[in-house]
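In what follows, a single structure is set out as structure tokens and then discussed.
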Amino acid sequence: MADIKTISWKKDKAIMIDQTKLPQKFEYLKINNYKRMGKAIKEMNIRGAPAIGVAAAFGMALAALKTPADINKIDFIDHMTKAKEYLSKTRPTAVNLFWALDRIMELINNNKEETVENLKNMIINEAKSIAEDDYQINKKMADIGAKLVKKNDKIVTHCNAGALATSGIYGTALGVIKRAHELKKDIFVWAKETRPRCQGARLTAFELLEENIPHKVIADSMYSYICYKKEVDCVILGADRVLGTGHVINKIGTSGVAIISDYYNVPFYVIAPASTFDLKTSVEDVIIEERDHSEVKKINGKLITPEKSEVINPAFDITPPDLVTAIVSEKGIIYPPYETNIKKILNE
Numbered sequence: 009m010a011d012i013k014t015i016s017w018k019k020d021k022a023i024m025i026d027q028t029k030l031p032q033k034f035e036y037l038k039i040n041n042y043k044r045m046g047k048a049i050k051e052m053n054i055r056g057a058p059a060i061g062v063a064a065a066f067g068m069a070l071a072a073l074k075t076p077a078d079i080n081k082i083d084f085i086d087h088m089t090k091a092k093e094y095l096s097k098t099r100p101t102a103v104n105l106f107w108a109l110d111r112i113m114e115l116i117n118n119n120k121e122e123t124v125e126n127l128k129n130m131i132i133n134e135a136k137s138i139a140e141d142d143y144q145i146n147k148k149m150a151d152i153g154a155k156l157v158k159k160n161d162k163i164v165t166h167c168n169a170g171a172l173a174t175s176g177i178y179g180t181a182l183g184v185i186k187r188a189h190e191l192k193k194d195i196f197v198w199a200k201e202t203r204p205r206c207q208g209a210r211l212t213a214f215e216l217l218e219e220n221i222p223h224k225v226i227a228d229s230m231y232s233y234i235c236y237k238k239e240v241d242c243v244i245l246g247a248d249r250v251l252g253t254g255h256v257i258n259k260i261g262t263s264g265v266a267i268i269s270d271y272y273n274v275p276f277y278v279i280a281p282a283s284t285f286d287l288k289t290s291v292e293d294v295i296i297e298e299r300d301h302s303e304v305k306k307i308n309g310k311l312i313t314p315e316k317s318e319v320i321n322p323a324f325d326i327t328p329p330d331l332v333t334a335i336v337s338e339k340g341i342i343y344p345p346y347e348t349n350i351k352k353i354l355n356e
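Numbering (this note's numbering), first residue to last: 9 to 356.
So this is what it looks like as structure tokens:
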């Protein structure tokens with residue numbers, strides 16, 4: 009897995025692993041326009057907050073690249089603004105998406121005196137930088153976070169926050185776990201299946217196997233039992249958004265893990281880069297994505313509920329800050345009180 013890049017830029021195209029096919033098939037998608045990139049994000053061919061940010065940046069690069077050679081600057085900027093609006097509507101919860109889009113638009117707005125051709129090259133290079141920065145940040149977080157892992161720890165992780173959730177190689181939460189394994193800490197991982205899309209069972213288990221990290225997959229409902237049996241030393245997971253208050257927005261089921269962990273005094277660690285922090289939005293204003301109900305009602309296309317039964321399918325939930333032991337970013341380890349320390353650490 010160490011040699012696999014989740015998403016990369018090659019010959020004026022974005023190349024990504026199609027994560028909807030894993031683990032049964034390992035296939036790449038070639039994306040050559042921004043609308044196809046938007047579809048790939050929405051349909052979760054690529055997923056994970058940092059990976060979505062990189063994909064959005066590459067989407068903007070494709071939008072710039074595909075404009076006519078003779079387009080004037082006003083029309084070019086208008087086209088890029090529309091591309092940003094289109095991509096921003098794909099997944100509403102992961103803040104990295106908006107961070108990457110804003111970074112590209114800020115580049116454009118700060119360089120309006122440049123020629124269109126120069127702007128195109130600058131946008132493509134900025135998108136590549138976002139991807140490279142993501143790798144370097146994840147590597148740094150892995151080194152920092154691994155300090156929290158003790159020898160022989162049994163670790164629980166939820167959903168997938170590995171290489172597949174980023175530009176590749178390390179990942180966020182799984183990056184910490186991989187680094188602890190590299191340091192020969194003799195860890196063991198419980199990978200929660202993470203219904204309804206089973207990203208823990210499909211993707212995290214796939215990555216753990218590739219890295220030869222000892223693990224077992226458990227159903228989501230088993231977590232309390234293994235805590236009761238004293239088979240858990242800590243929880244390490246990622247985030248799709250972290251508010252300035254320390255509220256953590258992450259894959260549905262995260263808050264339940266936090267509540268059980270608190271009851272059993274299991275440390276609950278969140279691994280998130282600075283780009284995942286949202287210091288402007290209040291918890292009341294966070295939009296939780298509601299996905300297609302078929303994800304709950306069907307598995308592999310086969311109905312598992314009565315056809316007329318109704319369901320809900322929120323993709324994320326919100327974990328209160330008092331249930332979070334620490335948050336690891338590339339800037340360091342953040343401890344409570346979060347409202348003070350998040351700003352302090354991120355601004356250093």
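For every residue, glycine included, the Cβ atom is placed at its ideal position computed from N, Cα and C.
- Between the stretch 179-193 and the stretch 240-259, the count of Cβ pairs shorter than 8 Å is three or higher; the stretches touch.
- The count of Cβ pairs closer than 8 Å, one atom from the stretch 322-337 and one from the stretch 253-265, reaches three, so the stretches are in contact.
- Take the alpha-carbon of E51 and the one of K43: they are about 12 Å apart.
- Here the alpha carbons of A209 and E201 stand approximately 4 Å from one another.
- Counting C-beta atoms within 10 angstroms of its own C-beta, L217 has fewer than 16 neighbours from the protein chains shown and is therefore classed as exposed.
- V184 is not bridged by DSSP to any residue.
- DSSP places P31 outside both helix and strand once states are collapsed to three, so it counts as coil.
- Within a 10 Å sphere around the beta-carbon of I320 sit fewer than 16 other beta-carbons, which makes this residue exposed.
- If you draw a straight line from the Cα of Y36 to the Cα of W17, it is about 12 Å long.
- Between T174 and F66, the alpha-carbon positions lie close to 13 Å from each other.
- With contacts defined by Cβ atoms closer than 8 Å, P281 and T180 form a contacting pair.
- Taking Q32 as the centre and dropping the five residues before and after it, the same chain places no C-beta closer than 6 Å to its C-beta.
- Between the stretch 155-173 and the stretch 304-324 there are fewer than three inter-stretch CB-CB distances shorter than 8 Å, so the stretches are not counted as touching.
- Three or more beta-carbon pairs drawn from the stretch 60-74 and the stretch 102-109 are found closer than 8 Å, and the two stretches are therefore classed as touching.
- If you draw a straight line from the Cα of Q207 to the Cα of A171, it is about 13 Å long.
- Secondary structure at Y36: strand, using DSSP grouped into helix, strand and coil.
- Y231 and I268 do touch by the CB rule: their CB atoms are close to 6 Å apart, below 8 Å.
- Going by DSSP, Y277 is part of the beta strand (DSSP E) stretching over 276-279.
- Between D300 and V278, the alpha-carbon positions lie close to 27 Å from each other.
- For the pair E338 and K120, the CB atoms are not nearer than the 8 Å cut-off.
- In this structure, DSSP gives N321 a state outside helix and strand, which the three-state scheme calls coil.
- About 4 Å separates the CB atoms of A91 and A71; that is less than 8 Å, so the two are in contact.
- According to the DSSP assignment, M24 belongs to the beta strand (DSSP E) that extends over 21-25.
- If you keep only unbroken beta strand (DSSP E) runs of at least 3 residues inside the stretch 118-176, you get 162-165.
- Counting C-beta pairs closer than 8 Å gives three or more between the stretch 343-356 and the stretch 285-299, which meets the contact rule.
- Going by C-alpha positions, A323 is about 9 Å away from G261.
- In the three-state scheme derived from DSSP, where H, G and I count as helix and E and B as strand, I60 is classed as helix.
- Pairing V197 with N146, the inter-Cα distance amounts to about 19 Å.
- Rounded to the nearest whole angstrom, the CA to CA distance from T98 to A69 is 17 Å.
- Under the 10 Å beta carbon count, I312 is surrounded by fewer than 16 other beta carbons and is classified as exposed.
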